[in-house]
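**Q**
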DNA sequence: CAGGATCCTCGAAGATACTG
DNA sequence: CAGTATCTTCGAGGATCCTG
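Residue numbers (this note's numbering), protein chains in the order written: chain A, 151 to 259; chain B, 151 to 259.
(1) Going by other Cβ atoms of all chains shown within 10 Å of its Cβ, with 16 needed for buried, is residue 207 of chain B buried or exposed?
(2) Report the start-end ranges of each alpha helix (DSSP H) in the stretch 155 to 182 of chain A that is 4 residues or longer and not cut off at the edges.
(3) Look at the alpha carbon of residue 213 of chain A and the alpha carbon of residue 238 of chain A, and state the distance between them as a whole number of angstroms.
(4) For residue 190 of chain B, count the other beta carbons within 10 Å of its own beta carbon; 16 or more makes it buried, fewer makes it exposed. Which is it?
(5) Going along chain A, which residues have a C-beta under 8 Å from residue 250 of chain B?
(6) Check this for me: beta carbons of residue 227 of chain B and residue 218 of chain B, under 7 Å apart or not?
(7) Would you mind stating whether residue 236 of chain B and residue 174 of chain A have Cβ atoms separated by less than 7 Å?
(8) Applying a beta-carbon distance threshold of less than 8 Å, which residues of chain A neighbour residue 171 of chain B?
(9) Rounding to the nearest angstrom, what Cα-Cα distance links residue 179 of chain A and residue 192 of chain B in this structure?
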């Protein structure tokens, strides 16, 4: 079973995607970063997220052990920090390839 | 500007997330893998996806230059293959940490 | 086999107002 | 400041049937 195959059907990667594959989870994880941050700081830093979705996403991430409340505010757990590393890989890819993505789209349209 | 900060507000990573951050894009990319595969093969390999969503997702990925039709069937473009590498990093993380994720959830409930 | 067309449901997400 | 509560909208996604 190759590394790719674990994404098929019922597998760890699909489980993970179900937990963090919503609109805001990855963004909030990145917005939190390595530091402790307060709610209002996150709201401002992230930008474009409503208070409702920030609250909901924070609760979801906390429930899954990716962040913890560190009053007043939040920080990534060790588990969450390890995921942040993965998120950074995606960020790096995005930085290098978003232009190509948008170009391809322009050509297709 | 740190690597994490590019996820905030209007940035390449947010753009990328908007393009591949739906339920099926990442799964289809992984399901395609390095090889050329036919529609029916994907449908079976992925599992749990409807024909409608497979068709829609393939079209979306093609429009963004991540896959190309290679009749009859599909394969990742060079751009798509580079993204597959990132996806594999996520897969690897998932394989190692899904248990911790589920445990944390069980404790919280 | 590989879709397209249609209809429908349900939950994500926003807007707004309220609270300790 | 950091949420909670309520209402509403909108579109992702499923189910089903049809087609070259």
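Ideal Cβ positions, reconstructed from N, Cα and C, are used throughout, including at glycine.
**A** According to the structure data:
(1) Residue environment for residue 207 of chain B: buried (at least 16 other C-beta atoms within 10 angstroms of its C-beta).
(2) If we require 4 residues or more, the alpha helix (DSSP H) runs fully inside the stretch 155 to 182 of chain A come out as 162 to 170, 175 to 182.
(3) Using only the alpha carbons, I get a separation of about 22 Å.
(4) Exposed is the call here.
(5) Here the neighbours are 215, 229.
(6) Contact flag set, yes.
(7) Not a contact, by the Cβ cut-off of 7 Å.
(8) For residue 171 of chain B, the chain A residues whose C-beta falls within less than 8 Å of its own C-beta are 171, 173, 176, listed in chain order.
(9) Roughly 31 Å between the two C-alpha positions.
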